[in-house]
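Scroll down for the structure; my scribbles are underneath it.
Chains as they are written, first to last, in full-length UniProt numbering: chain H, 1 to 636; chain S, 1 to 187.
Listed below in structure tokens is the structure:
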């Protein structure tokens, strides 16, 4: 229809012909200022302009046909122009460009075309710009839309049942904001506010308690935190370990595949591991399992044993052995030579330990039921080659196996575990013989991610015993923290390894390998260190009594506290201790020790007169004051 | 932990003899490879909490400083004495028996699981059988892939087995590896 009317128009146009066109050309050039005028003018003209522009959408034919008003002279002309342009557009885009626009081939025609095409381009540009602006305003509105919920909103939310989708959306938004905080932050909102809100949302969406979420937020950047938490929601794949005492991995894999188990080798770092994707038969009840050809074990349990690297004919202690996965791995690596002491404190777990040992065909193991802290007394100090301590911990790395950890762990639990672990690791170190030909290693591992249970414990061991951290040989893990918030650890702690579910696809884990450097305990060098307000451990050759007294006096020295005459006696008693210590320091000759002794005594002697001097001085002052008082009174 | 006295030793050896026959001396006299010492000692039997353990001497020496209350297991458990004084072999000695067994029976794959549930070996499930079995002999049961599954008492001699109908019992079940799962607490 439009075309029809157009043709009408065209007809009329053509009657007018070139002059019209010329006019149009002029018109067109004038159009600009006209249009500008139009736009500057009143609303009516604006409307006209808009209508003009809207002609694209409307079927302008109706308007056109009804349109002989002189009113809209400009209008018409404009529409003419419009239509001409449109027409031109069509014609230009159409196949037959020969007709129509080139109806009158004149030079002005070319410039007309140029002008028209320019107009087209400009209109297109304008539209694009408008579209972009719209987009911009939309985006700007979106980011502005995310504001932190106010207190009233939070209260309202607390009263309603939690809206999971809303929470999830808010979590994503906050993570986005925090990742580009400068640009996307809300006015007046501090980073802390966002993090607080994120904590609350995470704990309610995923079911964590405040403590655990707080710790995790401190340890990881926000993006990684989300990945970690999502990884905790899913279980890790089931792994099994071939028992090399009885079978080879390839043969076992064949047999299991025949039974209908879908499996693959675990990773390139393990020659005995297999990962099970799915299985038609219960993987823990196949005849092969019962015959002891493999053991169901998570991948992270391979790591401490690989780090320990037990050799044949060594003496090994496994301090927390149940249910026996690691112990049997150690025995397999040692090929049933040497001797393993497998210790487990909890009685109910002993059954599974012995059953597994027997099932896997391990013959070089002695199982005992002691508290790990008593083991050195039973087995003797400095008596074994290697110790494996897979310490009891809070279990924050295995949340995917046990969801109750999310809510049940608090700061006291962590601290209690850390306390126990520190004691255990010292006992473990004491059992190892530093001079053993092939060993002298301790491996400490936990399935926790807390720094207080991992790096802090190893650091404590470094301070208290003559050990050093060595590389564990597990290079695909992340190095442990050497500093974290206000803690500063020994720099060698970067040789320990941490494993995370979202990075390594195994449960959270920590492994540290220590080498015992010497059997003697660290000496006065440690005591003089500023930090040690604890007892300075002295060598075991000394009496117990003097041990207790020497540290006491060292504490008092440090404090420069009370001066008692008995102090000198205790000093005298301890001087032999001090001499011995300095002997061990390697000072050798007793003379410098004696000088030191004398030097140390001098300050005390000086102090005593000082004190009495002070007392005298005070007395004098008081008397002086009384004297002045009396004088004053007297004068009064 | 104490060594077995005379009576106990005879009982244990009798039971073992049923399964191993002449190979018993292998069990008693084989050199041990456990222990950190370069000289391998031998194996010996020790009694701890009514259980008899087959341990190498090196281990025994080192287990002496563990107090009686706290020592749980050593080496391989061979069997246990019941309250009434009888001695039963348990499944944990299967490895030992299988290596030195005189009489063996191989099961068809279809009847493996049945034996592992504790049922007796029927003629229909029999794959192979060694010659010279007398009724009452100790027999070690294997799967066709030579994986030891358990042990038991022969019910019939090899000759008679051939004439049996498919549902006849060939081997009375005594112990099998399924017990690791079924009776973990009782082991």
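Even glycine gets a Cβ: it sits at the ideal position worked out from N, Cα and C.
Note that the structure is predicted; figures quoted are calculated from it, not measured.
Query                                                                                                                                                                                 : Result
What residues from the stretch 24-58 of chain S come within 7 Å of chain H, judged by C-beta to C-beta, listed N to C?                                                                : 33, 34, 35, 36, 58
Use the C-beta contact count for residue 132 of chain S: other C-beta atoms within 10 angstroms, 16 or more gives buried, fewer gives exposed.                                        : exposed
Check distances from the C-beta atoms of the stretch 74-97 of chain S to those of chain H and list, in chain order, the residues that come in under 7 Å.                              : 74, 75, 76, 77, 92, 95
Secondary structure at residue 125 of chain H, three-state DSSP: helix, strand or coil?                                                                                               : helix
Less than 9 Å between CB atoms is the rule here; does residue 63 of chain S satisfy it with respect to chain H?                                                                       : yes
Just checking: is the beta-carbon of residue 144 of chain S within a distance shorter than 9 Å of some beta-carbon in chain H?                                                        : no
Taking the straight line between their C-alpha atoms, what separation do you get for residue 173 of chain S and residue 100 of chain S?                                               : 19 Å
Helix or strand or just coil, what does DSSP make of residue 217 of chain H?                                                                                                          : helix
In terms of residue numbering, what span does the alpha helix (DSSP H) encompassing residue 365 of chain H cover?                                                                     : Taken as a continuous stretch (DSSP letters only), residue 365 of chain H belongs to no alpha helix (DSSP H), being part of the beta strand (DSSP E) at 365-368.
Which of helix, strand or coil does DSSP assign to residue 205 of chain H?                                                                                                            : helix
Quick one: grab the DSSP three-state call for residue 465 of chain H.                                                                                                                 : coil
Report the neighbours of residue 321 of chain H on chain S: residues whose CB is nearer than 8 Å to its CB, in chain order.                                                           : Those do not exist, as residue 321 of chain H stays about 10 Å from chain S at its closest Cβ, beyond 8 Å.
Specify, as a first and last residue, the run of the alpha helix (DSSP H) that residue 406 of chain H falls within.                                                                   : 405-408
Kindly indicate which three-state DSSP category residue 176 of chain S falls into: helix, strand or coil?                                                                             : strand
Over what stretch of residues does the beta strand (DSSP E) that includes residue 343 of chain H continue unbroken?                                                                   : 339-343
Just to confirm the assignment, what range does the alpha helix (DSSP H) spanning residue 515 of chain H have?                                                                        : Here residue 515 of chain H belongs to no alpha helix (DSSP H); instead the beta strand (DSSP E) covers 509-516.
For residue 92 of chain S, collect the residues of the same chain with a Cβ closer than 8 Å to its Cβ; drop the 5 residues on either side in sequence, then sort them by chain order. : 76, 77, 78, 187
Unbroken alpha helix (DSSP H) runs of length 4 or more, entirely within the stretch 309-359 of chain H: which are they?                                                               : 325-334, 348-359
In this structure, how does DSSP classify residue 90 of chain S when only helix, strand and coil are distinguished?                                                                   : coil
For a contact meaning CB atoms closer than 7 Å, what does residue 355 of chain H contact in chain S?                                                                                  : 180, 184, 187
Tell me, please, which residues DSSP counts as bridged to residue 154 of chain S.                                                                                                     : S/171
With a cut-off of 9 Å, does the C-beta of residue 3 of chain S fall near any C-beta of chain H?                                                                                       : no
Residue 149 of chain S versus chain H: which residues are under 9 Å apart at the beta carbon?                                                                                         : 287, 290, 291
Whole angstroms are fine: how far does the CA of residue 53 of chain S sit from the CA of residue 83 of chain S?                                                                      : 17 Å
If you drop the 5 nearest sequence neighbours on each side, which residues of the same chain put their C-beta closer than 8 Å to that of residue 545 of chain H?                      : Any reading at residue 545 of chain H is ruled out, since the residue's pLDDT is 40, under 50, leaving its predicted position unreliable.
Could you check what DSSP says for residue 149 of chain S in three-state terms: helix, strand or coil?                                                                                : strand
On the DSSP bridge assignment, give the partners of residue 456 of chain H in chain order.                                                                                            : Partner(s): none; residue 456 of chain H has no beta bridge.
Give the single residue among S/168, S/185, S/146, S/122 whose Cα lies nearest to the Cα of residue 94 of chain S.                                                                    : S/146
Would you call residue 374 of chain H buried or exposed, if buried means 16 or more other Cβ atoms sit within 10 Å of its Cβ?                                                         : exposed
Looking at the structure shown, is residue 68 of chain S part of a helix, part of a strand, or coil, going by DSSP?                                                                   : coil
Should residue 116 of chain S be flagged as near chain H, meaning a C-beta pair shorter than 9 Å?                                                                                     : yes
Cβ atoms of residue 441 of chain H and residue 387 of chain H: under 9 Å apart, would you say?                                                                                        : yes
Does the distance from the CB of residue 97 of chain S to the CB of residue 138 of chain S come in under 9 Å?                                                                         : yes
In angstroms with no decimal places, state the Cα-to-Cα distance between residue 482 of chain H and residue 354 of chain H.                                                           : 39 Å
Strictly below 7 Å CB to CB, what residues from chain H border residue 70 of chain S?                                                                                                 : 368, 369, 370
Which bits of chain H does residue 112 of chain S rub up against, with CB to CB less than 9 Å?                                                                                        : 287
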